Structures are given as C-alpha cells and as structure tokens.
Amino acid sequence: KITLDAAISLLAQDNILKESCDDVTSGGSSCNADQQIFKGVWAKHLAYYLDAVNSATSEAKYSPFLGSLNSAATHYGLVADEDCC
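According to my numbering, the stretch in the sequence shown is residues 10 to 94, in order.
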C-alpha cells in the first residue's frame with residue numbers, strides 16, 4: 010500500500026496518472042513506447058493487487074482511482090483516425 014499511495018501522490022494529477030511527457034494542452038503526448046504503456050501496466054497490477062488482497066477497504070480506496078484511469082484512457086487516449094481495429 011505504501012508504494013501504491015506514493016505512486017498516486019507523486020504521479021497523479023486530478024486522480025489520473027500522468028507522465029512527465031504528457032501534455033494534453035499542447036495537442037497530445039510526446040511519450041515514448043515505455044512511457045505510453047506505463048499507466049496501463051500500473052493499472053493492471055493495481056487491479057491484480059485488489060483481487061489478491063480481497064479487502065473491502067482497499068477496494069473502496071483504489072477502485073475510484075482505477076475508474077478515473079479508465080475514463081481518462083477512453084477520453085484522452087483514443088484518437089479515432091489513428092486507432093486500429
């Protein structure tokens with residue numbers, strides 16, 4: 010939990026993980042491949058953690074954060090003309 014809380018407090022802005030290369034106000038991200046997948050891998054491991062600990066307290070604490078990440082990925086991460094099917 011200490012690592013999760015530290016990552017959220019240091020890397021999140023408005024309850025969304027943010028890389029130093031992210032800048033939606035300048036027309037998008039300039040992230041490299043490693044930076045692009047970091048948030049997805051991090052969120053997946055958080056979901057695994059929640060399944061493993063099976064704790065209502067942890068679920069209540071971290072599930073809203075996962076929801077925010079999902080919403081942000083859908084809102085900011087999808088570019089219709091560049092997404093493949």
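Glycine residues also receive a C-beta, built at the ideal position from the N, C-alpha and C atoms.
Computed from a predicted model, the values in this text were never measured in an experiment.
{"Check": "Inter-residue spacing [alpha-carbon to alpha-carbon] between Tyr58 and Thr12", "Outcome": "12 angstroms"}
{"Check": "Sequence-distant residues of its chain with Cβ nearer than 7 angstroms to Leu75 (five each side left out)", "Outcome": "Ala52, Leu55 and Ala56"}
{"Check": "Beta-carbon proximity of Lys27 to Leu20, cut-off 8 angstroms", "Outcome": "yes"}
{"Check": "Cβ separation of His25 and Ser77, assumed to be a contact under 8 angstroms, to the nearest whole Å", "Outcome": "Reading off the sequence, residue 25 comes out as Ile, not His. Their Cβ separation, rounded to whole angstroms, is 5 angstroms, which keeps Ile25 and Ser77 in contact under 8 angstroms."}
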